[in-house]
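Once you know that position 217 of the sequence shown is 217 in the working numbering, the rest is easy, because the numbers rise by one and skip nothing.
A short worksheet on the structure shown next.
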Amino acid sequence: MPEPPCACLVLCLPVLRIPFVHPVQRPAHDGRVRLEAITWDRLGDLIAERLLDLEPADGSPWPRVAFDGAPAADPGDLAERVAEALRIRGRPSLTVAAEGFLRPASVRLEYGRHDIDAYYDGRLDTGALWREVFGHLEPGGDGRVLPDLWDPVTDRATRSPYVQLPPGGFLLLHGPLLLRHWFPFDLTVHVLLSSGALHRRTPESEHWTLPAFERYEDETDPAGTADVLVRADDPRRPAWRG
C-alpha cells in the first residue's frame, strides 16, 4: 500500500535581516510647540527686547500687551519683570492688573460665591476696561489711563488718579482669562500651567474655579493662540516659546 502524503509542507525561505533602528530622541514639546528652558530674568529681558520693535497694527502710539494666566501662574510677576526691563532700556510702561477692574460684589456674586459661569463670564468689568484703558490708547486717544477702578477686597471704588502714558509707552495688562474678550492687544503672553500644576498651586478654597480654566483652554486655546508661551509648572525652571 502506498504511503499517505505528508500532512505538512515545509518551505525553506531565506532569512530576512532587518536592521534595528534606534528610536528618535525628540526634544521636549508642550503640545504642538517646542519650549526652551530659560530663567525669569532672561525671559523678562527677551520679551522687553521684542517689545522695542513692536508697532501696533492699528497705528496707535501705545503698544498694548497681555500677560494672561491663572492666578496660580502669577502672570503679574512676569509683567513687572518686563516693565523693569523696559525701564532700564528707557521705555515707559504702565502695568495694570485686571483684578482692579472686577465688577462690584453685588453683581459678580449675584448667583452665589461659587457660581462657575459668573466667574467665567461676569467677573471682569470689560466695559470699564474698554472705557478707562483701551479707549484712551486708540489712535487719536489721549493716553490717560485709569490704573484701577474697583477694590475687590473693600468692594469700593479705588478713586485712583489717571496716569498719563506718553506716546511709545506700553500698556502691560495682566490677569486670568484675558484672551477671550477681543481686547486690542498687539502682543499676547500666556503663562501656562498643566492641569496637575494648576490644581496643586491653586489654594483649596479656590478649587471651585478650576473648571473655568478648563473651559477657557477648550474654547480659547490660549497656549496655541498666544504670541509668547511660557510654561511654569516648576516656578524655578520656566520654559518658553517666543
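Positions of the beta carbon are idealized from the N, C-alpha and C atoms, including for glycine.
Keep in mind that this is a model prediction, so the values were computed, not measured.
- Query: Since ARG180 contacts THR220 with CB under 8 Å, what's their CB separation in whole angstroms?
  - Reply: About 5 Å separates the beta carbons of ARG180 and THR220, which is inside the 8 Å limit, making them a contact pair.
- Item | Cα-Cα separation, ASP115 to ARG89 | It is roughly 44 Å from the alpha-carbon of ASP115 to the alpha-carbon of ARG89.
- Task: Give me the Cβ distance between PHE67 and LEU51, rounded to the nearest whole Å; I'm assuming they're in contact under 8 Å.
- Result: Contact flag wrong, Cβ pair sits at about 12 Å.
- Task: Please say whether LEU54 and ASP186 have beta carbons closer to each other than 7 Å?
- Result: Yes, these two residues count as a Cβ contact at 7 Å.
- Task: State yes or no: is the C-beta of ASP148 within less than 7 Å of the C-beta of SER160?
- Result: Yes, these two residues count as a Cβ contact at 7 Å.
- DSSP three-state call for PHE183: helix, strand or coil? In this structure, PHE183 counts as coil in the three-state DSSP scheme.
- Query: How would you write the range of the beta strand (DSSP E) that ASP218 sits in, first residue to last?
  - Reply: Per DSSP, ASP218 is not a residue of any beta strand (DSSP E); the alpha helix (DSSP H) it occupies stretches across 210-220.
- With respect to the beta strand (DSSP E) encompassing ARG91, which residues constitute its N-terminal and C-terminal limits? That residue, ARG91, is in no beta strand (DSSP E); it is neither H nor E in DSSP.
- Can you list, in chain order, the residues of its chain whose CB lies under 6 Å from that of PRO23, leaving out five sequence neighbours each side? Reliability of the predicted coordinates at PRO23 is poor, the pLDDT of 34 falling under 50, and the value obtained from them is presented with this limitation in mind. Counting only Cβ-Cβ distances below 6 Å, and skipping sequence neighbours, we find nothing.
- Query: Does the beta-carbon of THR188 have 16 or more other beta-carbons within 10 angstroms, so that it is buried, or is it exposed?
  - Reply: The residue is buried, with at least 16 neighbouring Cβ atoms inside 10 Å.
- Task: State whether the stretch 35-47 contacts the stretch 164-175, with contact taken as three or more CB pairs (one from each stretch) at a distance under 8 Å.
- Result: Touching, no, given that fewer than three Cβ pairs across the two stretches are closer than 8 Å.
- Residue from THR126, GLY69, ARG144, ALA97 with nearest C-alpha to TYR162: Ranking THR126, GLY69, ARG144, ALA97 by Cα distance to TYR162 puts ARG144 first.
- Query: From VAL230, GLY140, ARG236, SER195, pick the residue whose C-alpha is nearest to that of GLY242; which is it?
  - Reply: The shortest C-alpha separation from GLY242 is found at VAL230.
- Message: When you compare the CB positions of VAL96 and LEU178, do they come within less than 7 Å of one another, or not?
- Response: Taking a C-beta distance under 7 Å as the contact criterion, VAL96 and LEU178 do not qualify as a contact pair.
- GLU110 to THR225 span [Cα, whole Å]: Straight across, the Cα-Cα distance linking GLU110 with THR225 is about 32 Å.
- Item | Presumed contact (8 Å Cβ cut-off) between PRO176 and GLY69, rounded CB distance | Confirmed, Cβ separation roughly 7 Å.
- Residues near PHE213 by beta carbon distance below 6 Å, same chain, minus five either side: Take PHE213, set aside five residues on each side of it, and the residues of its chain with a beta-carbon closer than 6 Å to its own are ALA70, in chain order.
- Please check if any C-beta of chain C sits within less than 7 Å of the C-beta of VAL96. Within the model displayed, chain C is absent; a lone protein chain is all it includes.
- Message: Looking only at its chain, what residues have a beta carbon closer than 8 Å to the beta carbon of TYR120, apart from the 5 residues adjacent to it on each side?
- Response: Counting only Cβ-Cβ distances below 8 Å, and skipping sequence neighbours, we find LEU177, ALA212, ARG215, TYR216.
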